[in-house]
Amino acid sequence: MENIQLRSTKKTAAKASSEIKASVPVTGMSCASCAGSVESMVGAQEGVHSAAVNFASQTLQVAYNPKQISISEIQKSVQDIGFDLIVDEENALEKQEEVQENNYRQLKQKTIAAAILTFPVFMIGMFFMNMPYANWIMLVLSAPVVFYFGRSFFINAFKQARHGKANMDTLVALSTGIAFVFSVFNTFFPEFWHARGLHAHVYFEAAAVVIVFIMLGKLLEERAKSNTSTAIKKLIGLQPKTVWRIEGEQEREIPVSEVQKGDLLLVRAGEKIPVDGLVVSGSSYVDEAMLSGEPVPVAKQSGDKVYTGTINQKGSFRFTAEKVGSETMLAQIIRMVQEAQGSKAPVQKLVDKIAGIFVPIVIGIALLSFILWFVLGGDNGLTQGLLALVTVLVIACPCALGLATPTAIMVGVGKGAENGILIKDAESLELAHKVNAVILDKTGTITAGKPEVTDIQWAAGAENQKEILLPVLLALEQQSEHPLAEAIVRKLREQKVQTHTLTNFESITGKGVRAQSGDKVYFAGSPKLLSDQAILPDTLLADKAASLRAEAKTVIFFANQHQVLALVAIADQIKESSAAAIKTLQQQGIDVYMLTGDNEQTAASVAAQVGVTKYKSEVLPADKAAFVEELQAAGKVVAMVGDGINDSQALAQADVSIAMGKGSDIAIDVAKMTLISSDLQHIPKALKLSRETVRTIKQNLFWAFIYNLIGIPIAAGVLYPVYGFLLDPMLAGAAMALSSVSVVSNSLRLKARKL
Numbered sequence: 001m002e003n004i005q006l007r008s009t010k011k012t013a014a015k016a017s018s019e020i021k022a023s024v025p026v027t028g029m030s031c032a033s034c035a036g037s038v039e040s041m042v043g044a045q046e047g048v049h050s051a052a053v054n055f056a057s058q059t060l061q062v063a064y065n066p067k068q069i070s071i072s073e074i075q076k077s078v079q080d081i082g083f084d085l086i087v088d089e090e091n092a093l094e095k096q097e098e099v100q101e102n103n104y105r106q107l108k109q110k111t112i113a114a115a116i117l118t119f120p121v122f123m124i125g126m127f128f129m130n131m132p133y134a135n136w137i138m139l140v141l142s143a144p145v146v147f148y149f150g151r152s153f154f155i156n157a158f159k160q161a162r163h164g165k166a167n168m169d170t171l172v173a174l175s176t177g178i179a180f181v182f183s184v185f186n187t188f189f190p191e192f193w194h195a196r197g198l199h200a201h202v203y204f205e206a207a208a209v210v211i212v213f214i215m216l217g218k219l220l221e222e223r224a225k226s227n228t229s230t231a232i233k234k235l236i237g238l239q240p241k242t243v244w245r246i247e248g249e250q251e252r253e254i255p256v257s258e259v260q261k262g263d264l265l266l267v268r269a270g271e272k273i274p275v276d277g278l279v280v281s282g283s284s285y286v287d288e289a290m291l292s293g294e295p296v297p298v299a300k301q302s303g304d305k306v307y308t309g310t311i312n313q314k315g316s317f318r319f320t321a322e323k324v325g326s327e328t329m330l331a332q333i334i335r336m337v338q339e340a341q342g343s344k345a346p347v348q349k350l351v352d353k354i355a356g357i358f359v360p361i362v363i364g365i366a367l368l369s370f371i372l373w374f375v376l377g378g379d380n381g382l383t384q385g386l387l388a389l390v391t392v393l394v395i396a397c398p399c400a401l402g403l404a405t406p407t408a409i410m411v412g413v414g415k416g417a418e419n420g421i422l423i424k425d426a427e428s429l430e431l432a433h434k435v436n437a438v439i440l441d442k443t444g445t446i447t448a449g450k451p452e453v454t455d456i457q458w459a460a461g462a463e464n465q466k467e468i469l470l471p472v473l474l475a476l477e478q479q480s481e482h483p484l485a486e487a488i489v490r491k492l493r494e495q496k497v498q499t500h501t502l503t504n505f506e507s508i509t510g511k512g513v514r515a516q517s518g519d520k521v522y523f524a525g526s527p528k529l530l531s532d533q534a535i536l537p538d539t540l541l542a543d544k545a546a547s548l549r550a551e552a553k554t555v556i557f558f559a560n561q562h563q564v565l566a567l568v569a570i571a572d573q574i575k576e577s578s579a580a581a582i583k584t585l586q587q588q589g590i591d592v593y594m595l596t597g598d599n600e601q602t603a604a605s606v607a608a609q610v611g612v613t614k615y616k617s618e619v620l621p622a623d624k625a626a627f628v629e630e631l632q633a634a635g636k637v638v639a640m641v642g643d644g645i646n647d648s649q650a651l652a653q654a655d656v657s658i659a660m661g662k663g664s665d666i667a668i669d670v671a672k673m674t675l676i677s678s679d680l681q682h683i684p685k686a687l688k689l690s691r692e693t694v695r696t697i698k699q700n701l702f703w704a705f706i707y708n709l710i711g712i713p714i715a716a717g718v719l720y721p722v723y724g725f726l727l728d729p730m731l732a733g734a735a736m737a738l739s740s741v742s743v744v745s746n747s748l749r750l751k752a753r754k755l
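Under UniProt numbering, the letters of the sequence shown match residues 1 to 755, in that order.
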């Protein structure tokens with residue numbers, strides 16, 4: 001088995017080494033079919049392993065072999081069908097935002113100008129069609145609307161057609177182009193119809209109004225879509241642009257991009273911390289709410305870590321840069337949010353397939369409507385057939401369908417980020433609401449993962465000598481190599497205990513330490529160390545030690561050569577929120593399990609304190625993954641919550657994997673969600689966010705499909721034989737724009753939901 005796993009790992013590593021993954025901004029897309037065209041074109045290139053385009057975030061996620069194809073060649077293939085990629089840009093996202101802002105500004109100007117020209121055309125076409133030269137005036141005014149302000153529809157449709165593809169632009173170009181050409185013919189040759197006893201109808205107002213409505217819909221859509229990515233903009237805005245670097249005796253302000261690892265930096269009161277680092281001098285309190293969600297500032301002094309984007313309070317300090325650029329925690333958070341907003345939920349992949357075949361089907365329905373009207377419509381069959389063809393093409397634009405899922409995912413991911421829940425991919429967000437089993441690692445997940453002194457019990461008579469004995473204990477533990485010694489040192493320093501000078505220090509492996517102060521010898525360590533020295537605790541201390549061990553606490557004895565002076569209890573403290581979070585999950589009908597590598601006694605004690613009835617102790621990393629698999633085989637949808645490297649295998653196996661933000665980098669990399677504050681109360685919030693997001697997606701898809709299911713038959717003329725009603729192309733254009741705006745607006749409602 002080990003050999004098989006090794007070969008599999010090597011194969012995966014070889015594939016990874018020959019593959020580059022990139023998230024590249026796309027410009028020029030106007031609908032879901034546009035995204036499908038870019039995706040299929042890129043995916044068809046030799047050397048591209050995978051390609052996924054998110055219409056809402058306007059990004060291409062691509063994995064390719066650089067030995068077979070370059071990113072510039074991928075860009076060329078996209079440009080061939082009328083779109084573009086922003087590559088080789090240091091600030092590609094800012095560049096994309098700049099392009100989108102320019103496009104929005106230009107689109108706004110074009111829409112206003114087109115609307116000004118269209119208004120008189122609409123008024124003449126609807127109310128003054130019999131005025132002198134009405135058709136000629138409408139022709140002159142509508143021509144620039146269709147072929148100048150609306151030229152992008154025709155250009156993009158042509159580029160798509162060259163590659164055998166069709167999208168929303170195809171529908172708009174066909175519908176408005178046919179309506180305009182038909183109207184021009186009727187304006188120049190009205191006698192063709194008069195000779196047949198028919199009126200020469202023109203549809204200049206329909207062609208112009210449809211263009212304006214679609215432009216207006218796009219304008220509202222662009223503005224709404226920009227609101228869905230505010231989480232990214234807020235996160236990017238957390239990083240300051242400049243920083244003070246210490247150069248010898250001088251302080252120089254430099255751009256953050258110039259900071260190198262090891263640079264000595266200065267942070268003054270009220271400033272944001274520019275990169276991740278380690279405090280070397282000075283002290284202050286830092287507002288880390290953006291990371292932990294906690295409102296109380298954290299004390300920072302020499303040796304403490306500081307993180308990009310957190311805000312220094314009143315003091316100032318110097319620190320060395322440890323992580324810069326893309327390595328900082330903030331940059332990783334931004335990248336995770338971007339990847340999640342750009343990823344696709346399983347339902348989106350189905351929607352993409354529907355959108356891909358939607359346009360050809362619509363064109364088929366439009367042509368069928370025209371033929372049926374032409375054959376069965378009598379004297380006005382040609383005119384009404386043409387009107388039905390134009391209306392079907394207009395109302396069926398698949399914008400709403402393409403926006404239904406990605407806008408909800410983008411807002412959901414952003415909402416999670418605001419609440420300290422980082423979501424790596426859309427699949428986990430869509431699946432989380434189905435979770436019915438949650439597995440919790442103990443250390444660092446249910447507990448703080450940091451041993452703390454919980455009790456100090458003095459022997460009779462020794463308590464009066466605390467002032468003398470505590471400095472001795474501090475000096476002993478300062479020199480000890482035992483991992484728990486640090487907890488005692490930390491506790492005594494918090495109590496402002498001063499250290500003491502000891503001689504003849506000796507570390508006794510596996511037992512404890514001894515040292516001398518004057519003519520007295522002191523010990524700190526396990527019961528085994530004391531029994532070797534024939535030193536026994538009194539009855540009170542012995543009973544206290546037994547009760548503390550029953551609470552899963554580690555007991556350290558402090559003694560001199562004659563008697564036990566005190567005992568110190570150390571435990572990995574249970575987080576305040578753990579019991580409440582577990583109770584909430586159980587009340588929602590979710591089974592909660594605890595797994596730990598710790599012993600049975602400790603596991604039982606922690607499980608009892610937090611209300612977990614199902615737990616396993618002394619489990620290895622592989623056992624955790626096997627237990628996840630066992631639950632999955634029983635039909636459970638499993639969420640694994642952990643913080644360490646030992647949890648990574650189980651996290652990878654779980655349906656939904658959640659890492660603690662203060663855990664190991666590997667656990668965070670493997671997990672699909674990360675709780676920044678490591679607070680288990682965020683797990684029920686994440687599950688609720690999933691439910692709300694999935695509900696929004698379903699609502700969006702309902703609205704997207706209902707518009708088309710109702711609108712297309714009405715546009716084709718099914719109501720005409722009974723009610724004499726034939727939908728006007730102008731109303732179809734308005735309905736199409738309304739469908740897109742309603743879907744985006746519904747997604748934005750997620751922002752107001754309380755988790």
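Cβ atoms here follow ideal geometry from the backbone N, Cα and C, with glycine treated the same way. Computed from a prediction, not measured in an experiment: that's the story for all the values here.
Notebook entry, point to check: With distances taken from CA atoms, which of F204, V375, Q239 is nearest S326?
Noted result: Closest option to S326, Cα to Cα, is Q239.
Check: Of the choices L107, E191, Q586, G661, whose alpha-carbon is the least far from that of K614?
Finding: The shortest Cα separation from K614 among L107, E191, Q586, G661 belongs to Q586.
Check: Is it a yes or a no for the stretch 67–81 touching the stretch 43–59, going by three-plus beta-carbon pairs under 8 angstroms?
Finding: Cβ pair count under 8 angstroms is three or more, so yes.
Margin query: Output needed for Q601: all residues of its chain with C-beta closer than 7 angstroms, excluding positions within five of it in sequence on either side, in chain order.
Written below: Once the five neighbours on either side are set aside, the close Cβ partners of Q601 are A552.
Note to self: Check this for me: beta carbons of L429 and T674, under 9 angstroms apart or not?
What the structure shows: Cβ atoms of L429 and T674: not closer than 9 angstroms.
Check: What does DSSP give as the partner residues of T285 in its beta bridges?
Finding: With the sequence shown as reference, residue 285 is identified as Tyr, and Thr is not the correct amino acid for it. Note: Y285 sits in a beta bridge opposite A299.
Margin query: Can you check which of these residues, G36, M29, E19, Q58, is closest to M410 by C-alpha distance?
Written below: That would be Q58, whose Cα lies nearest to the Cα of M410.
Next item on the list: Give a yes or no on whether the minimum CB-CB distance between T584 and chain D is below 9 angstroms.
Entry: Among the chains in the structure shown there is no chain D, since it carries only a single protein chain.
Next item on the list: With DSSP as the reference, label P360 as helix, strand or coil.
Entry: In the structure shown, P360 sits in a helix (DSSP, three-state: H, G or I).
Check: Are the stretch 597–611 and the stretch 569–587 touching, with three or more C-beta to C-beta distances below 8 angstroms?
Finding: Yes: the two stretches touch, three or more of their Cβ pairs being nearer than 8 angstroms.
Note to self: Taking the straight line between their C-alpha atoms, what separation do you get for N54 and P406?
What the structure shows: Approximately 7 angstroms between the Cα atoms of the pair.
Notebook entry, point to check: What whole-angstrom Cβ distance do I590 and A408 have, given they're in contact under 8 angstroms?
Noted result: Contact doesn't hold; Cβ gap of about 24 angstroms is too wide.
Item checked: One or two residues paired with P255 in a DSSP bridge -> Secondary-structure assignment with DSSP links P255 through a beta bridge to T242.
Notebook entry, point to check: Can the beta-carbon of A179 be found less than 9 angstroms from the beta-carbon of A207?
Noted result: Result yes, Cβ atoms of A179 and A207 sit closer than 9 angstroms.
Note to self: Can you tell me where the alpha helix (DSSP H) holding V606 begins and where it ends?
What the structure shows: First-last of the alpha helix (DSSP H) with V606: 600–610.
Check: Which same chain residues, not among the five before or five after Q100, have their C-beta less than 6 angstroms away from its C-beta?
Finding: Within the same chain, Q100 has no close Cβ partners at all.
Next item on the list: Name the two residues that bound the continuous beta strand (DSSP E) containing D623.
Entry: In the DSSP assignment, D623 falls outside any beta strand (DSSP E) and lies within the alpha helix (DSSP H) extending over 621–633.
Notebook entry, point to check: If we ignore side chains and look at the alpha-carbon of each, how far apart do V140 and D379 end up?
Noted result: Here the alpha carbons of D379 and V140 stand approximately 29 angstroms from one another.
Note to self: On a Cα-Cα basis, can you pick out the residue from L484, R695, L278, G150 that is closest to A404?
What the structure shows: Among L484, R695, L278, G150, the Cα nearest to that of A404 is on R695.
Next item on the list: Report back the beta-carbon spacing between F281 and G315 to the nearest angstrom; my notes put them in contact at under 8 angstroms.
Entry: The question names Phe, yet the displayed sequence has Ser at residue 281. Approximately 11 angstroms separates the beta-carbon atoms of S281 and G315; this is outside 8 angstroms, ruling out the contact.
Notebook entry, point to check: Looking only at C-alpha atoms, which of A157, I361, I137 sits nearest to L117?
Noted result: For L117, the closest alpha carbon among the candidates A157, I361, I137 is that of I137.
Check: Which residue from A686, V741, I712 puts its Cα closest to that of N419?
Finding: With distances taken between Cα atoms, N419 lies closest to A686.
Note to self: Can you tell me whether E251 is buried or exposed? The criterion is at least 16 other CB atoms within 10 Å of its CB, across all chains shown.
What the structure shows: Result: exposed.
Notebook entry, point to check: Taking the C-alpha atoms as reference points, what is the distance between R162 and K636?
Noted result: Answer to the nearest angstrom: the Cα atoms are 49 angstroms apart.
Check: Where does S747 land, buried or exposed, given buried means 16+ other C-beta within 10 angstroms?
Finding: Buried is the call here.
Next item on the list: For N419, name the three-state secondary structure that DSSP assigns.
Entry: Judged by DSSP in its simplified three-state form, N419 adopts coil rather than helix or strand.
Item checked: Presumed contact (8 angstroms Cβ cut-off) between A639 and A654, rounded CB distance -> Under the criterion of beta carbons closer than 8 angstroms, A639 and A654 qualify as touching, at roughly 6 angstroms.
Notebook entry, point to check: First and last residue of the alpha helix (DSSP H) that includes H682?
Noted result: Where H682 is concerned, the enclosing alpha helix (DSSP H) stretches over 682–716.
Notebook entry, point to check: Are there 16 or more other CB atoms within 10 angstroms of the CB of G293, so buried, or fewer, so exposed?
Noted result: Note on G293: pLDDT 40, under 50, position unreliable in the model; the coordinate value appears next. Using a 10 angstroms sphere on the CB of G293, the tally of other CB atoms reaches 16 or more, which defines it as buried.
Note to self: Using a 10 Å radius around the Cβ and a threshold of 16 neighbouring Cβ atoms, would you call N599 buried or exposed?
What the structure shows: Under this definition N599 is an exposed residue.
Next item on the list: With DSSP collapsed to three states, give me the class of V140.
Entry: Helix.
Notebook entry, point to check: Using the rule of at least 16 other Cβ atoms within 10 Å of the residue's Cβ for burial, across every protein chain shown, is H562 buried or exposed?
Noted result: H562 is exposed by the Cβ-count criterion.
Next item on the list: Compute the beta-carbon to beta-carbon distance between residue 756 and G177, rounded to the nearest angstrom, for a pair I have assumed lies under 8 angstroms.
Entry: This structure leaves residue 756 out entirely; the chain is present only between 1 and 755.
Margin query: Does T383 pass the burial test, meaning 16 or more other C-beta atoms within 10 Å, or should it be called exposed?
Written below: So T383 counts as buried.
Notebook entry, point to check: In whole angstroms, what is the alpha-carbon distance linking I423 and I668?
Noted result: One alpha carbon belongs to I423, the other to I668, and they sit about 11 angstroms apart.
Notebook entry, point to check: Just how far apart, CA to CA, sit S40 and L171?
Noted result: Their backbone Cα atoms lie some 19 angstroms apart in a straight line.
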